[in-house]
Amino acid sequence: MKDFFSTSHLKIILGGGLLCVIALRLVLAAFLPLSPDEAYYWLWSKSPQLSYMDHPPMVALWIKAGTLLFGDRPLAIRFLGPLASFLGTIFLSLTGKKLFPYSQKRALYGAILLNCTLMFGLGMVIMTPDTPLFFFSILTLWAFIQVLDEKRPLPSILWWLCVGLCLGLAFDSKYTACFLGLGMVVYAIMCRPKLFLKIGPWIGVLTCLITISPVIIWNANHHWISFFKQGSRVGDWHPHRALTFISELVAGQIGLATPLIALICVGGFMKSRKEKPALFWLVSPGIIILLFHAFGDRVQANWPAILYPALMLSAGLILWLQRWVISIGVICALTIVIQALFAPLALSAHWDPIARQVRGWEALTEELVSQAHASHSQALYVKDYALASILAYHDKLNFPIISPDKRWHYLGARPKNSYQNVLVVAEKRKALTKVQGVVTRYFNKRELRSYSYESGTMRSGFLVK
């Protein structure tokens, strides 16, 4: 068993094994139905613009590229994710090779570990802003490590230009890319202050600003709505709940990284301060910001995604139990994939978040549209943006769906329409005034979630579809 995880076999795992993983991700992307958030971003792709209220535009551009090739099916919407995971893994292994030129095993370890995490393994199948963020953050890390190497093959100015371009594209994917940019600044202050006296880093800054200028221009023309929406969380302060929020954050990362990989990353991160300070300072500001945020509000489990590539590289400093770490990571990932595709375990909706997110939407949409026709309603009225999005995706009859949520106002200048008779739809737990009926999403005869509906008069909302 020990010989199996030798350097030569690790290359086989990363090479041939990676091709199998990409094929599996493409299968998963094709046969797993869309989640509500993916449907929301799919609607973004139908209204291309410089940025959006919730996030920058990269996820919409990736979806647009896939749907132009293959239509509006799930595989098309997610197509670039698995391909980006393949290229991202290659670039992360090249970064590891630059960091650990004396050890092929350490160089390959981080790339293999990243693919064993649920955050990356499944995150590169489901199309969200984190999908392009992962890819461009890896490219940024690769370019930054290259520019720090005195033996680099190209002039430093070209590498700094590459750093700025990749960081800008990461920012165009999700605002948490700022963690990586801040990490570079802190590293320069702590370890390489003379960098500020060179022209290369400033060329990188200028390139980054040019790359993110479409997002800034859109926000400037829309009252900075996106920046205010994301920045409004900073003002929250509830220190009495910090322990709860931090515990949730830690538990979420243990689950998404898998326990052993999380443990190895912590050890590698602590060790990197002396041995690989670039990795340490790239990650530290993001960790501090997330912990600070936990004193005011809940930290979503996917927010630390930007830190994963550097953390996995730092794990190359700790080769404890490597065969167990890789084996358990692969087993966990395969178990999740099998459950997602075939559901061999009859789990309740509470314990099966993938089924809860993606299953049963088509039948639910047909039932709600049928109820709307039966009650002579002119439109479905849905307050929740995610529910409205997934209903719009599965609505084959183009039945009008309206929502009062202001985010639709910022999506393609959608008109605000009024209807005399509508069918108001909401999750059952969000009680309506006069419930007329309840419809339920099912998967394999298991109840996933129920929704209430009632007739309403004179409702106005933005046309979702």
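If you're matching positions, the sequence shown starts at 1 in my numbering and goes up one per residue. Built from N, CA and C at the ideal position, the CB exists for glycine as well. Remember, predicted model here, so these are calculated numbers, not experimental data.
1. Please state whether the Cβ-Cβ distance between GLN436 and GLU454 is less than 9 Å.
2. Determine the direct distance from the alpha carbon of MET58 to that of LEU209, and round the result to whole angstroms.
3. Could you give the C-beta distance for THR207 and LEU161, rounded to a whole number, given that I count them as a contact under 8 Å?
4. Would you be able to state if there are at least three C-beta pairs under 8 Å between the stretch 332–342 and the stretch 166–182?
5. Which stretch, first to last residue, makes up the alpha helix (DSSP H) that contains ALA372?
6. Which full runs of the alpha helix (DSSP H) of 4+ residues lie inside the stretch 159–217, going along the chain?
7. Check whether the stretch 183–198 and the stretch 273–284 are in contact - that is, three or more C-beta pairs closer than 8 Å.
8. Are the Cβ atoms of PRO214 and LEU50 separated by less than 9 Å?
9. By a C-beta neighbour count over all protein chains shown, 10 Å radius and 16 as the cutoff for buried, is ALA60 buried or exposed?
10. Once the 5 residues before and after LEU466 are set aside, which same chain residues still bring their CB inside 7 Å of it?
11. Just reading off the alpha helix (DSSP H) that ILE138 is part of, what are its end residues?
12. Can you grab the Cα-Cα spacing for the pair CYS20 / LYS406, in whole Å?
13. Would you tell me roughly how many angstroms separate the C-alpha atoms of ALA386 and TYR40, rounded to the nearest one?
14. Are the Cβ atoms of ASN421 and GLN371 separated by less than 9 Å?
15. Leaving out five residues before and five after VAL325 in sequence, what residues of the same chain have Cβ atoms less than 8 Å from its Cβ?
16. Which term fits ALA131, buried or exposed, when burial requires 16 or more other beta carbons within 10 angstroms of its beta carbon?
17. To the nearest angstrom, report how far apart LEU197 and ASP149 are at their CA atoms.
18. Three Cβ pairs or more, each shorter than 8 Å: is that satisfied between the stretch 308–325 and the stretch 98–113?
19. Any contact between the stretch 230–249 and the stretch 74–89? By contact I mean 3 or more CB pairs, one from each, below 8 Å.
20. Measure the C-alpha to C-alpha separation of LYS383 and VAL125 and round it to an integer number of angstroms.
21. So the candidates are TYR442, VAL424, THR433, SER450; which of them puts its Cα closest to the Cα of SER460?
22. How many whole angstroms separate the CB atoms of GLY183 and VAL283, which I take to be in contact at a CB cut-off of 8 Å?
23. Strictly by DSSP, which residues pair up with ILE90?
24. Where DSSP assigns a beta bridge to THR457, which residues make up the other side?
25. Would you call the CB atoms of LEU468 and VAL438 closer than 9 Å?
26. Taking only runs of the alpha helix (DSSP H) that begin and end inside the stretch 299–365, which ones reach a length of at least 4 residues, in chain order?
27. Run the CB neighbour count on LEU87, radius 10 Å, all protein chains shown included, and call it buried at 16 or more, exposed below.
28. On the three-state DSSP scale, how would you describe LYS2?
29. For GLY121, is the classification buried or exposed, using 16 other Cβ atoms within 10 angstroms of its Cβ as the cut-off for buried?
30. Locate the beta strand (DSSP E) running through ALA413, then write down its first and last residues.
31. What is the rounded straight-line gap between the Cα of HIS223 and the Cα of PHE245?
32. Where PRO33 and ARG359 are concerned, what is the direct C-alpha to C-alpha distance, given to the nearest angstrom?
33. Among the candidates LEU26, ASP54, LEU28, ALA23, whose CA atom is the shortest distance from the CA of ASP37?
34. Of all the options ILE287, SER173, ARG356, which has the alpha carbon lying nearest to the alpha carbon of ILE63?
Walking through what the data contain:
1. One-based indexing of the sequence shown puts residue 436 at position 436. One-based indexing of the sequence shown puts residue 454 at position 454. Result yes, Cβ atoms of GLN436 and GLU454 sit closer than 9 Å.
2. For the purposes of this step, residue 209 is identified with residue 209 of the sequence shown, where counting begins at 1. For the purposes of this step, residue 58 is identified with residue 58 of the sequence shown, where counting begins at 1. Roughly 16 Å separates the two Cα atoms.
3. Mapped onto the sequence shown, residue 207 falls at position 207. Mapped onto the sequence shown, residue 161 falls at position 161. Between LEU161 and THR207 the Cβ distance is about 5 Å, and since that is below 8 Å, they are a contact.
4. no
5. Position 372 of the sequence shown holds residue 372. Residues 361–374.
6. 178–191
7. Contact check between the stretch 183–198 and the stretch 273–284: three or more CB pairs, one atom from each, fall below 8 Å, which counts as touching.
8. Position 214 of the sequence shown holds residue 214. Position 50 of the sequence shown holds residue 50. Yes, they are a contact pair.
9. For this step, residue 60 is matched to residue 60 along the sequence shown. So ALA60 counts as buried.
10. Lying outside 1 to 465, the shown extent of the chain, residue 466 is not represented and no answer is given.
11. The count along the sequence shown starts at 1 and reaches residue 138 at position 138. ILE138 -> alpha helix (DSSP H) spans 130–148.
12. Start at 1 with the first residue of the sequence shown, and residue 20 comes out as number 20. Start at 1 with the first residue of the sequence shown, and residue 406 comes out as number 406. If I take the Cα positions, the gap works out to 43 Å.
13. Mapped onto the sequence shown, residue 386 falls at position 386. Mapped onto the sequence shown, residue 40 falls at position 40. Going by the C-alpha atoms only, they are around 6 Å apart.
14. Here the question's residue 421 lines up with position 421 in the sequence shown. Here the question's residue 371 lines up with position 371 in the sequence shown. Against a cut-off of 9 Å, the Cβ pair of GLN371 and ASN421 comes out as no contact.
15. In the sequence shown, counting from the first residue as 1, residue 325 sits at position 325. Cβ neighbours of VAL325 beyond the five flanking positions: LEU113, CYS116, LEU260, ILE261, ILE264.
16. By 1-based counting over the sequence shown, the position of residue 131 is 131. Before going on, a small fix: residue 131 reads as Thr here, not Ala. Under this definition THR131 is a buried residue.
17. In the sequence shown, the residue the question calls residue 197 occupies position 197. In the sequence shown, the residue the question calls residue 149 occupies position 149. Approximately 18 Å, taken between the alpha carbons.
18. yes
19. Short answer: they don't touch.
20. Position 383 of the sequence shown, counted from the first residue, corresponds to residue 383. Position 125 of the sequence shown, counted from the first residue, corresponds to residue 125. Rounded to the nearest angstrom, the two C-alpha atoms are 28 Å apart.
21. Numbered from its first residue, the sequence shown carries residue 460 at position 460. For the residues TYR442, VAL424, THR433, SER450, the minimum Cα distance to SER460 belongs to VAL424.
22. Along the sequence shown, read from residue 1 onward, the residue named residue 183 stands at position 183. Along the sequence shown, read from residue 1 onward, the residue named residue 283 stands at position 283. So it is a contact: roughly 6 Å between Cβ atoms.
23. Indexing the sequence shown from 1 puts residue 90 at position 90. Beta bridge pairing from DSSP links ILE90 with no other residue.
24. Here residue 457 refers to the residue found at position 457 of the sequence shown. THR457 pairs with ASN421.
25. Here the chain covers residues 1 to 465 and nothing more, so residue 468 does not appear.
26. 308–314, 322–342, 353–358
27. Looking up residue 87 in the sequence shown gives position 87. Its Cβ having fewer than 16 others within 10 Å, LEU87 is exposed.
28. Within the sequence shown, the letter at position 2 stands for residue 2. A caution first: LYS2 carries a pLDDT of 49, below 50, which makes its placement in the model unreliable, though a value can still be read off. DSSP places LYS2 in coil when its eight states are reduced to three.
29. Reading the sequence shown from its first residue, position 121 is the one you call residue 121. Buried: at least 16 other Cβ atoms inside 10 Å.
30. Translated into positions along the sequence shown, residue 413 becomes position 413. From DSSP, ALA413 is part of no beta strand (DSSP E); its letter is neither H nor E.
31. Along the sequence shown, one-based indexing puts residue 223 at 223. Along the sequence shown, one-based indexing puts residue 245 at 245. Computed Cα separation, rounded: 31 Å.
32. If you number the sequence shown from 1, residue 33 lands on position 33. If you number the sequence shown from 1, residue 359 lands on position 359. So the two alpha carbons sit approximately 7 Å from each other.
33. In the sequence shown, residue 37 corresponds to position 37, counting from 1. Among LEU26, ASP54, LEU28, ALA23, the Cα nearest to that of ASP37 is on ASP54.
34. Counted from its first residue, the sequence shown places residue 63 at position 63. Taking only the C-alpha atoms, the option nearest ILE63 is SER173.
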